[in-house]
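So the sequence shown is numbered by the numbering used here: it starts at 5 and just counts up by one.
Built from N, CA and C at the ideal position, the CB exists for glycine as well.
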Amino acid sequence: MLAFSAPLGAETARFAGRLTWTSDEPGFGGFSGLEVSEDGSTFTAISDRAMIVSGRFIREGGRLTSIETGPLEMLPGPDGGRMARKVGDAEGLAQRADGRLFVSFEGVARVWAYVTPDKAARLPRPDAFKTFERNAGPEALAIDGQGRLYTLPERSGQMDRPFPVWRLDARHWDQPFDIPRRGPFLPVGADFGPDGRLYLLERNFTGYSFRSRVRRFTLDADRIVAEEQLLETASFRHGNLEGLSVWRDESGAIRLTMVADDNFSALQRSEIVEYSLPESLASAPPRP
Numbered sequence: 005m006l007a008f009s010a011p012l013g014a015e016t017a018r019f020a021g022r023l024t025w026t027s028d029e030p031g032f033g034g035f036s037g038l039e040v041s042e043d044g045s046t047f048t049a050i051s052d053r054a055m056i057v058s059g060r061f062i063r064e065g066g067r068l069t070s071i072e073t074g075p076l077e078m079l080p081g082p083d084g085g086r087m088a089r090k091v092g093d094a095e096g097l098a099q100r101a102d103g104r105l106f107v108s109f110e111g112v113a114r115v116w117a118y119v120t121p122d123k124a125a126r127l128p129r130p131d132a133f134k135t136f137e138r139n140a141g142p143e144a145l146a147i148d149g150q151g152r153l154y155t156l157p158e159r160s161g162q163m164d165r166p167f168p169v170w171r172l173d174a175r176h177w178d179q180p181f182d183i184p185r186r187g188p189f190l191p192v193g194a195d196f197g198p199d200g201r202l203y204l205l206e207r208n209f210t211g212y213s214f215r216s217r218v219r220r221f222t223l224d225a226d227r228i229v230a231e232e233q234l235l236e237t238a239s240f241r242h243g244n245l246e247g248l249s250v251w252r253d254e255s256g257a258i259r260l261t262m263v264a265d266d267n268f269s270a271l272q273r274s275e276i277v278e279y280s281l282p283e284s285l286a287s288a289p290p291r292p
């Protein structure tokens with residue numbers, strides 16, 4: 005039986021800072037995927053218009069104070085050219101230990117590899133990806149310690165239907181387990197933390213604002229053996245949080261760093277939001 009805990013009133017993720025991210029560079033905005041270095045100092049982000057940018061976080065006393073970024077660059081297709089808007093909706097970002105990037109796309113649901121940001125390579129595409137709803141494809145993308153990719157569709161089709169998780173090991177996709185759907189939240193970002201657990205960022209659009217939730221899963225082979233709810237925000241607390249990266253800071257605390265997609269709207273904002281986990285939640289998982 006799956007162990008589930010939603011520690012309401014107990015120790016949960018603690019707010020650690022927020023910074024509005026602005027730039028006058030044309031094409032800035034729409035950030036949907038985020039990868040942060042192991043020490044939390046540098047990052048790479050992608051936008052849903054197939055742009056990529058890298059930069060550095062500046063902190064004082066562990067709290068974000070500013071962001072330094074390089075130029076926005078285009079994520080090309082395998083032919084080296086610019087992708088059409090309908091196939092260039094980049095959503096999820098994962099980085100392998102050797103630096104190779106992987107990007108998941110909605111529209112035409114797929115995952116591509118980037119040896120460098122200007123060199124794309126197609127990966128196998130399972131038939132199931134063709135059945136994903138057009139605007140509800142693989143937004144969340146994560147890579148485990150063995151270099152295997154994990155993704156799942158944004159929608160499961162029914163409120164009581166779990167989200168199927170797809171895994172790419174070398175050149176073969178399989179569907180090892182499902183993630184239970186709990187309430188109206190939908191998966192938009194994922195990462196494996198330094199503790200080896202799978203972290204999932206979920207979003208609920210209420211019609212006028214966004215709510216966010218983070219759940220964490222302990223895996224044993226091809227199954228989930230424990231599930232925890234670490235964070236659930238109220239409406240208007242943050243913007244449209246879509247990308248998630250998990251790392252450990254100098255104090256030993258696990259940090260959840262998230263990026264908000266402003267949808268290129270003057271009514272929304274691009275922002276970096278951070279939460280930290282108390283010591284009781286930052287330790288390695290017990291053996292099942």
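C-alpha distance - residue i paired with residue j, whole-angstrom precision
| i | j | result |
| --- | --- | --- |
| residue 121 | residue 211 | 35 Å |
| residue 136 | residue 113 | 7 Å |
| residue 147 | residue 270 | 33 Å |
| residue 287 | residue 83 | 45 Å |
| residue 266 | residue 24 | 11 Å |
| residue 171 | residue 133 | 12 Å |
| residue 29 | residue 79 | 16 Å |
| residue 232 | residue 285 | 10 Å |
| residue 116 | residue 40 | 19 Å |
| residue 280 | residue 71 | 19 Å |
| residue 19 | residue 242 | 11 Å |
| residue 149 | residue 85 | 32 Å |
| residue 244 | residue 264 | 5 Å |
| residue 260 | residue 165 | 27 Å |
| residue 186 | residue 235 | 14 Å |
| residue 230 | residue 224 | 9 Å |
Counted within 10 angstroms of its Cβ, other Cβ atoms place residue i as buried (16 or more) or exposed
| i | result |
| --- | --- |
| residue 38 | buried |
| residue 139 | exposed |
| residue 142 | buried |
| residue 12 | Confidence at residue 12 is low in this model, with a pLDDT of 42, below 50, so the placement of that residue is unreliable and no value is reported for it. |
| residue 5 | Unreliable placement is indicated for residue 5, whose pLDDT of 47 sits below 50; the coordinate value is still reported in the next sentence. Exposed: under 16 other Cβ atoms inside 10 Å. |
| residue 52 | buried |
| residue 173 | exposed |
| residue 275 | buried |
| residue 101 | exposed |
6 Å CB neighbourhood of residue i in its chain, flanking five on each side removed
| i | result |
| --- | --- |
| residue 31 | 55, 76 |
| residue 215 | 208, 237, 239 |
| residue 118 | 105, 124 |
| residue 48 | 39, 58 |
Close Cβ partners of residue i (< 8 Å) along its chain, the five nearest in sequence each way excluded
| i | result |
| --- | --- |
| residue 169 | 154, 155, 156, 179, 180, 181, 182, 183 |
| residue 14 | For residue 14, the predicted structure reports a pLDDT of 47, less than 50, and the residue's modelled location is therefore unreliable. A value from the coordinates is still provided. Closer than 8 Å at Cβ, skipping near neighbours: no residue. |
Other residues of its chain near residue i: CB distance less than 7 Å, five sequence neighbours each side excluded
| i | result |
| --- | --- |
| residue 63 | 69 |
Check: For the region 89–97 against the region 140–155, are there 3 or more C-beta pairs whose distance is under 8 Å?
Finding: The region 89–97 vs the region 140–155: in contact.
Next item on the list: Determine, using beta-carbon pairs with one atom in the region 240–256 and one in the region 40–54, whether at least three such pairs fall under 8 Å.
Entry: Two segments are said to touch when three or more pairs of C-beta atoms, one from each, lie closer than 8 Å; by this definition the region 240–256 touches the region 40–54.
Margin query: Measuring CB atoms only, is the region 118–134 touching the region 188–208, in the sense that at least three cross pairs come out at less than 8 Å?
Written below: With a cut-off of 8 Å, the region 188–208 and the region 118–134 do not count as touching, because too few Cβ pairs lie within range.
Item checked: Within the region 200–288, ranges of the beta strand (DSSP E) (whole runs, at least 3 residues) -> The region 200–288 contains these whole beta strand (DSSP E) runs: 202–209, 214–224, 227–236, 245–252, 258–264, 275–280.
Next item on the list: Give, in chain order, every unbroken run of the beta strand (DSSP E) that is at least 3 residues long and sits entirely within the region 75–104.
Entry: Positions of the beta strand (DSSP E) runs, each at least 3 residues long and wholly inside the region 75–104, are given as 94–99 in order along the chain.
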